[in-house]
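Input: a single structure, listed below in structure tokens.
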Amino acid sequence: GKNLIDLDEFTTDEIDEIIQLSQKIARNPDEYHGIAKGKILAALFYEPSTRTRLSFEAAMLRLGGQVIGFSNPSASSVSKGESLSDTLRTVNAYADIIAMRHPKEGAPRVGAKYIDIPIINAGDGGHQHPTQTLTDILTITSVKKRLSGLTIGLCGDLKFGRTVHSLIKTLSRYPENKFILVSPQELKIPQYIKSQVLQKKNIEFAEAEKLEDVIQDMDILYMTRVQRERFFNEEDYIRLKDSYILDKQKMSLAKDDMIVLHPLPRVNEIAYEVDEDSRALYFDQVKYGMYVRMGLMAKLLGVK
Ligand code: CP
Numbered sequence: 004g005k006n007l008i009d010l011d012e013f014t015t016d017e018i019d020e021i022i023q024l025s026q027k028i029a030r031n032p033d034e035y036h037g038i039a040k041g042k043i044l045a046a047l048f049y050e051p052s053t054r055t056r057l058s059f060e061a062a063m064l065r066l067g068g069q070v071i072g073f074s075n076p077s078a079s080s081v082s083k084g085e086s087l088s089d090t091l092r093t094v095n096a097y098a099d100i101i102a103m104r105h106p107k108e109g110a111p112r113v114g115a116k117y118i119d120i121p122i123i124n125a126g127d128g129g130h131q132h133p134t135q136t137l138t139d140i141l142t143i144t145s146v147k148k149r150l151s152g153l154t155i156g157l158c159g160d161l162k163f164g165r166t167v168h169s170l171i172k173t174l175s176r177y178p179e180n181k182f183i184l185v186s187p188q189e190l191k192i193p194q195y196i197k198s199q200v201l202q203k204k205n206i207e208f209a210e211a212e213k214l215e216d217v218i219q220d221m222d223i224l225y226m227t228r229v230q231r232e233r234f235f236n237e238e239d240y241i242r243l244k245d246s247y248i249l250d251k252q253k254m255s256l257a258k259d260d261m262i263v264l265h266p267l268p269r270v271n272e273i274a275y276e277v278d279e280d281s282r283a284l285y286f287d288q289v290k291y292g293m294y295v296r297m298g299l300m301a302k303l304l305g306v307k
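Quick note on UniProt numbering: the sequence shown kicks off at 4 and runs consecutively.
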């Protein structure tokens, strides 16, 4: 079966097909109940998660399939020293599709070699989070009615934030998108994204340190959490954790039709007062995340 390790391995047409199917599902989810009857998802989460795991599980249940897995590897034989490859070969015998989150970058790609059922990368370390990107672009296209000609601001921890890396790579495929990268010096976008994606494709981008200097140019503001779990020391995290706080005052500088996205969880980077602003769409995003995982699994299982 086909995997989703990195969206680079999907053509833009394939991505668009998943998005279109997910939009149909979002409009009429009951129509799709039962298409995955008899199928089993294994949700293997080696790192904490609320949205990704629960939306994968809800998605499979809503398609009429069932779910097995673990959300805490210490309750599995991983705690006895079992290797990733042995765990995956075992699960391969029980399930029809796997969604796996793992702290090691590249773990799903290595794991895919040992199994013949589809595996989906549900986040690998600070690397990629392709199903979050599908969620983000389903949200953007549903609200903005396009994925091109947009000025996209990304703000916060651009170094360790895997959702940002996947999103820039994917939105760079669509014409006339521009990026504004807002971060502290220490949390700038990795060089490989700059050189292998933005510069290589000649995409217009700017870097800034202050959100209020650039927020007025954005069609989308993608806020991110400072990724505490990826820091080498706590002092650096404490110094950087509140670098950006989006509040009502900063929102007053933005366009009337700018939308605010955030993969969540948030810590302090969006004040709760922003939630009531109609441009704040992060809880709509949460729902789109379930529909897009329904669409993705239906495609990978070949039931739609
Ligand atoms: N957006 C996201 O990946 O959230 P969780 O870490 O809660 O799954």
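Just so you know, even glycine gets a beta-carbon here, dropped at the ideal spot from N, CA and C.
| query | result |
| --- | --- |
| Can you tell me whether residue 17 is helix, strand or coil according to DSSP? | helix |
| Does DSSP put residue 277 in a helix, a strand or coil? | helix |
| Roughly how many angstroms lie between the CA atoms of residue 227 and residue 101, to the nearest whole one? | 27 angstroms |
| Are there any heavy atoms of the ligand CP lying less than 7 angstroms away from the beta-carbon of residue 284, as far as the coordinates show? | no |
| For residue 129 versus residue 104, is the C-beta spacing smaller than 8 angstroms? | no |
| Does residue 132 pass the burial test, meaning 16 or more other C-beta atoms within 10 Å, or should it be called exposed? | buried |
| If I follow the unbroken alpha helix (DSSP H) through residue 286, where does it start and stop? | 285 to 304 |
| What is the DSSP secondary structure of residue 229, counted as helix, strand or coil? | coil |
| Does at least one heavy atom of the ligand CP sit under 7 angstroms from the Cβ of residue 52? | yes |
| Under DSSP, the alpha helix (DSSP H) around residue 340 begins and ends at which residues? | Since the displayed the chain opens at 4 and closes at 307, residue 340 lies outside it and no answer follows. |
| Taking 8 angstroms as the threshold (C-beta atoms), are residue 161 and residue 223 in contact? | no |
| Three or more beta-carbon pairs under 8 angstroms between the stretch 61 to 68 and the stretch 83 to 95, yes or no? | no |
| State the DSSP-derived secondary structure class of residue 53, mapped to helix, strand or coil. | coil |
| In chain order, what residues of the same chain lie with their CB nearer than 6 angstroms to the CB of residue 188, ignoring the 5 residues before and after it? | none |
| Return yes when at least one heavy atom of the ligand CP lies under 7 angstroms from the C-beta of residue 173, else no. | no |
| Decide if residue 122 is buried, meaning its Cβ has at least 16 other Cβ atoms within 10 Å, or exposed. | buried |
| Is residue 167 helix, strand or coil by DSSP? | helix |
| Would you mind sorting residue 270 into buried or exposed? The rule is 16 or more other CB atoms within 10 Å of its CB. | exposed |
| Report the rounded CA-to-CA distance for residue 167 versus residue 97, giving the unit in angstroms. | 33 angstroms |
| Are the CB atoms of residue 10 and residue 22 nearer to each other than 8 angstroms? | no |
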